[in-house]
Amino acid sequence: MLRIGTTVLGVNDVTRATAFWCDALGYVTREDGDETWVVLVPHKGEGAHLALMLSETPVQEHPRIHLDLYADDQPGEVARLLELGASKVDWDLYPENADFIVLEDPDGNRFCVVDVGA
21 MLRIGTTVLG VNDVTRATAF WCDALGYVTR EDGDETWVVL VPHKGEGAHL
71 ALMLSETPVQ EHPRIHLDLY ADDQPGEVAR LLELGASKVD WDLYPENADF
121 IVLEDPDGNR FCVVDVGA
């Protein structure tokens with residue numbers, strides 16, 4: 021039987037991305053990484069692992085895969101992520117009454133902050 025182990029994001033700057041995602045998610049590095057690769061894990065308890073890999077592949081405007089981050093306080097989390105270096109995306113595919121906001125990390129990887137508090 022298969023199970024998902026780690027989600028890997030391609031980034032332009034592993035050090036910068038490590039700082040952003042550790043602060044954003046409350047994660048720590050699993051072990052010492054380098055300029056090309058690092059694995060992040062939850063600081064406390066179990067949860068999904070996130071790896072960051074050096075990549076020169078251009079970011080896609082409408083990526084085929086992305087992260088959905090669940091937030092009990094969506095406005096507060098979006099504000100916090102923007103302070104950490106995320107950017108709002110002018111998303112042209114929002115459905116009516118969307119429960120998510122599209123952001124991108126400092127490397128341009130897009131992700132959604134989903135409101136689960138309602």
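The numbering of the sequence shown is the numbering used here, which starts it at 21 and goes up by one.
A virtual CB, placed ideally from N, CA and C, is assigned to each residue, including glycine.
Alpha-carbon to alpha-carbon, residue j and residue i
| i | j | result |
| --- | --- | --- |
| Arg100 | Thr35 | 20 Å |
| Leu60 | Pro115 | 32 Å |
| Met73 | Asn117 | 35 Å |
| Ala37 | Arg50 | 15 Å |
| Ser107 | Trp41 | 14 Å |
Beta-carbon spacing of residue i, residue j below 9 Å
| i | j | result |
| --- | --- | --- |
| Asp112 | Val31 | no |
| Asp92 | Gly137 | yes |
| Cys132 | His82 | no |
| Gln80 | Asp135 | no |
Residue i burial status per 10 Å Cβ neighbour count (16 or more: buried)
| i | result |
| --- | --- |
| Arg130 | buried |
| Thr26 | exposed |
| Asp125 | buried |
| Leu123 | buried |
| Val48 | exposed |
Nearest neighbour of residue i, chosen from the options [CA to CA]
| i | options | result |
| --- | --- | --- |
| Leu70 | His82, Ala44 and Val79 | Ala44 |
| Arg23 | Val109, Glu103 and Ala68 | Ala68 |
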